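For the sequence shown, counting from 1, position 75 maps to 1375 in the working numbering; every step adds exactly one.
The beta carbon of each residue, even a glycine, is placed where N, CA and C say it ideally should be.
Quick caveat, the model's predicted, so the values are computed rather than measured.
In what follows, a structure is listed as C-alpha coordinates, so that the remarks can point back to it.
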Amino acid sequence: MSNDYLGQELPLEAKSSFIFFSLLIALLFNLLPLQEIILLLRPDFVAITLLYWSVNHPQRIGMSLAFIAGLVMDVSNSSILGQHALAYCLITFFGMILHRRLRLFNVFQQAPQILWMLLITQFAVFLTGMLGGTYFLDWYYFLPSVTGALLWPVISFLLGIPQKPKSDPNEL
1301 MSNDYLGQEL
1311 PLEAKSSFIF
1321 FSLLIALLFN
1331 LLPLQEIILL
1341 LRPDFVAITL
1351 LYWSVNHPQR
1361 IGMSLAFIAG
1371 LVMDVSNSSI
1381 LGQHALAYCL
1391 ITFFGMILHR
1401 RLRLFNVFQQ
1411 APQILWMLLI
1421 TQFAVFLTGM
1431 LGGTYFLDWY
1441 YFLPSVTGAL
1451 LWPVISFLLG
1461 IPQKPKSDPN
1471 EL
(Lines of atoms letter the chains of each structure in order from A and count residues from 1; the text may use other names and numbers.)
(Lines give C-alpha, C1' and ligand atoms only; values in the text may rest on other atoms or scores of the structure.)
Protein backbone atom coordinates (compact mmCIF):
# COMPACT_ATOMS: atom_id res chain seq x y z
CA MET A 1 0.00 0.00 0.00
CA SER A 2 1.33 3.41 -0.95
CA ASN A 3 2.09 5.91 1.79
CA ASP A 4 1.02 8.78 -0.48
CA TYR A 5 -2.24 10.73 -0.34
CA LEU A 6 -2.85 13.50 -2.86
CA GLY A 7 0.87 14.05 -3.26
CA GLN A 8 1.48 14.21 0.50
CA GLU A 9 3.18 11.57 2.57
CA LEU A 10 0.98 10.25 5.34
CA PRO A 11 2.56 10.90 8.74
CA LEU A 12 3.30 8.16 11.21
CA GLU A 13 1.13 7.85 14.31
CA ALA A 14 2.08 10.43 16.94
CA LYS A 15 3.09 9.17 20.37
CA SER A 16 1.13 10.43 23.36
CA SER A 17 4.34 11.46 25.08
CA PHE A 18 5.31 13.66 22.12
CA ILE A 19 1.87 15.31 22.08
CA PHE A 20 2.11 16.01 25.82
CA PHE A 21 5.67 17.33 25.46
CA SER A 22 4.69 19.63 22.58
CA LEU A 23 1.78 21.05 24.61
CA LEU A 24 4.10 21.59 27.57
CA ILE A 25 6.60 23.47 25.38
CA ALA A 26 3.74 25.54 23.90
CA LEU A 27 2.58 26.41 27.43
CA LEU A 28 6.12 27.52 28.30
CA PHE A 29 6.22 29.71 25.18
CA ASN A 30 2.93 31.29 26.25
CA LEU A 31 4.33 32.06 29.69
CA LEU A 32 7.62 33.62 28.56
CA PRO A 33 7.98 37.16 29.90
CA LEU A 34 8.43 39.41 26.87
CA GLN A 35 8.43 43.11 26.10
CA GLU A 36 5.04 44.71 25.58
CA ILE A 37 5.42 45.20 21.81
CA ILE A 38 6.28 41.52 21.35
CA LEU A 39 3.40 40.50 23.63
CA LEU A 40 1.01 42.23 21.22
CA LEU A 41 2.19 39.91 18.44
CA ARG A 42 2.78 36.66 20.34
CA PRO A 43 0.29 34.02 19.22
CA ASP A 44 -1.35 31.55 21.56
CA PHE A 45 1.03 28.65 21.07
CA VAL A 46 -1.14 26.24 23.05
CA ALA A 47 -4.11 26.95 20.77
CA ILE A 48 -1.97 26.48 17.65
CA THR A 49 -0.51 23.23 18.99
CA LEU A 50 -3.96 21.90 19.91
CA LEU A 51 -5.17 22.87 16.46
CA TYR A 52 -2.24 21.09 14.81
CA TRP A 53 -2.92 17.87 16.69
CA SER A 54 -6.68 18.02 16.14
CA VAL A 55 -6.18 18.53 12.39
CA ASN A 56 -3.41 16.01 11.83
CA HIS A 57 -4.20 13.37 14.48
CA PRO A 58 -7.80 13.89 15.64
CA GLN A 59 -7.98 10.38 17.10
CA ARG A 60 -5.08 11.16 19.48
CA ILE A 61 -6.48 14.32 21.06
CA GLY A 62 -9.80 15.10 22.66
CA MET A 63 -11.85 17.78 24.29
CA SER A 64 -10.72 16.71 27.75
CA LEU A 65 -7.07 17.42 26.92
CA ALA A 66 -8.05 20.80 25.45
CA PHE A 67 -10.12 21.59 28.54
CA ILE A 68 -7.29 20.67 30.91
CA ALA A 69 -4.80 22.72 28.87
CA GLY A 70 -7.22 25.64 29.04
CA LEU A 71 -7.60 25.37 32.80
CA VAL A 72 -3.81 25.28 33.19
CA MET A 73 -3.58 28.39 31.00
CA ASP A 74 -6.30 30.12 33.02
CA VAL A 75 -4.56 29.41 36.31
CA SER A 76 -1.16 30.47 34.99
CA ASN A 77 -2.55 33.73 33.53
CA SER A 78 -4.77 34.46 36.55
CA SER A 79 -7.68 34.87 34.18
CA ILE A 80 -11.31 33.84 34.55
CA LEU A 81 -11.43 30.11 35.23
CA GLY A 82 -12.73 28.39 32.12
CA GLN A 83 -11.97 31.26 29.74
CA HIS A 84 -9.16 29.55 27.86
CA ALA A 85 -10.72 26.14 28.47
CA LEU A 86 -13.76 27.19 26.43
CA ALA A 87 -11.58 28.67 23.70
CA TYR A 88 -9.34 25.60 23.49
CA CYS A 89 -12.35 23.29 23.33
CA LEU A 90 -13.72 25.42 20.49
CA ILE A 91 -10.50 25.30 18.49
CA THR A 92 -10.15 21.56 19.06
CA PHE A 93 -13.74 21.08 17.92
CA PHE A 94 -13.14 23.12 14.76
CA GLY A 95 -9.94 21.19 14.05
CA MET A 96 -11.67 17.84 14.46
CA ILE A 97 -14.66 18.83 12.35
CA LEU A 98 -12.60 20.36 9.54
CA HIS A 99 -9.57 18.06 9.60
CA ARG A 100 -10.47 16.19 6.40
CA ARG A 101 -10.98 19.40 4.47
CA LEU A 102 -7.83 21.02 5.83
CA ARG A 103 -5.69 17.98 5.02
CA LEU A 104 -6.52 18.44 1.32
CA PHE A 105 -4.51 21.68 1.28
CA ASN A 106 -0.84 22.33 1.87
CA VAL A 107 0.15 24.31 4.96
CA PHE A 108 0.27 27.62 3.10
CA GLN A 109 -3.28 27.14 1.85
CA GLN A 110 -4.37 26.07 5.33
CA ALA A 111 -3.12 29.32 6.90
CA PRO A 112 -6.15 31.52 5.97
CA GLN A 113 -8.53 28.90 7.36
CA ILE A 114 -6.38 28.62 10.48
CA LEU A 115 -6.62 32.41 10.82
CA TRP A 116 -10.42 32.25 11.03
CA MET A 117 -10.31 29.51 13.64
CA LEU A 118 -7.78 31.46 15.72
CA LEU A 119 -9.88 34.63 15.42
CA ILE A 120 -13.01 32.80 16.60
CA THR A 121 -11.07 31.34 19.51
CA GLN A 122 -9.60 34.69 20.46
CA PHE A 123 -13.04 36.28 20.20
CA ALA A 124 -14.35 33.64 22.63
CA VAL A 125 -11.60 34.60 25.11
CA PHE A 126 -12.43 38.27 24.55
CA LEU A 127 -16.17 37.73 25.01
CA THR A 128 -15.82 35.72 28.21
CA GLY A 129 -13.43 38.36 29.51
CA MET A 130 -15.91 41.13 28.73
CA LEU A 131 -18.70 39.21 30.46
CA GLY A 132 -16.39 38.77 33.43
CA GLY A 133 -15.74 42.48 33.75
CA THR A 134 -12.44 43.08 31.98
CA TYR A 135 -12.24 45.96 29.57
CA PHE A 136 -11.41 46.03 25.86
CA LEU A 137 -7.96 47.45 25.26
CA ASP A 138 -7.72 47.93 21.50
CA TRP A 139 -8.06 46.12 18.20
CA TYR A 140 -4.42 45.10 18.58
CA TYR A 141 -5.81 42.37 20.80
CA PHE A 142 -6.57 40.31 17.67
CA LEU A 143 -3.06 40.60 16.12
CA PRO A 144 -1.83 37.33 17.68
CA SER A 145 -4.30 35.45 15.47
CA VAL A 146 -2.62 36.90 12.39
CA THR A 147 0.86 36.02 13.62
CA GLY A 148 -0.40 32.56 14.56
CA ALA A 149 -1.66 32.01 11.02
CA LEU A 150 1.67 33.26 9.65
CA LEU A 151 3.54 30.85 11.94
CA TRP A 152 1.27 27.91 11.04
CA PRO A 153 3.59 26.53 8.30
CA VAL A 154 6.63 26.71 10.60
CA ILE A 155 4.85 25.10 13.55
CA SER A 156 3.36 22.42 11.30
CA PHE A 157 6.80 21.62 9.96
CA LEU A 158 8.40 21.46 13.41
CA LEU A 159 5.67 19.29 14.93
CA GLY A 160 5.65 17.04 11.87
CA ILE A 161 9.38 16.24 11.84
CA PRO A 162 9.21 13.24 14.23
CA GLN A 163 6.30 11.77 12.26
CA LYS A 164 7.95 11.71 8.85
CA PRO A 165 8.14 8.14 7.58
CA LYS A 166 11.67 6.90 7.07
CA SER A 167 12.47 5.61 3.61
CA ASP A 168 14.64 2.77 4.93
CA PRO A 169 13.75 0.92 8.15
CA ASN A 170 17.46 0.50 8.94
CA GLU A 171 18.10 4.22 8.56
CA LEU A 172 18.54 6.34 11.68
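- Message: Using the three-state DSSP reduction, which class does Asp1344 fall into: helix, strand or coil?
- Response: DSSP, reduced to helix, strand and coil, places Asp1344 outside both helices and strands of the structure shown, so it counts as coil.
- Query: Are there 16 or more other CB atoms within 10 angstroms of the CB of Gln1383, so buried, or fewer, so exposed?
  - Reply: buried
- Three-way DSSP call (helix, strand, coil) for Ile1397 in this model: helix
- Could you tell me how far apart the beta carbons of Val1407 and Trp1452 are, in whole angstroms, since I believe they sit closer than 8 Å? 6 Å
- Message: Check for me: the alpha helix (DSSP H) holding Ile1420 runs from which residue to which?
- Response: Val1407 to Leu1431
- Query: Which residue from Glu1336, Leu1339, Pro1333 and Leu1365 puts its Cα closest to that of Ser1322?
  - Reply: Leu1365
- Query: Among Lys1315, Ala1369 and Ile1319, which one has its Cα closest to the Cα of Asn1330?
  - Reply: Ala1369
- Where does Gln1285 sit, in a helix, a strand or coil, going by DSSP? Only positions 1301 to 1472 of the chain appear in the structure, and residue 1285 is not among them; the question remains open.
- Query: Three-state secondary structure (DSSP) at Asp1374?
  - Reply: helix
- To which residues of the same chain is Phe1351 closer than 6 Å at the C-beta, ignoring the five residues directly before and after it? What sits at residue 1351 in the sequence shown is Leu, not Phe. Within the same chain, Leu1351 has close Cβ partners Ile1391 and Gly1395.
- Leu1359 classed as buried or exposed, judged by whether at least 16 other C-beta atoms fall within 10 angstroms: It should be noted that the sequence gives Gln, not Leu, for residue 1359. Looking at its Cβ environment, which holds fewer than 16 other Cβ atoms inside 10 Å, Gln1359 is exposed.
- Item | Supposed contact pair Ser1445 and Leu1419 - C-beta distance, whole angstroms, cut 8 Å | 5 Å
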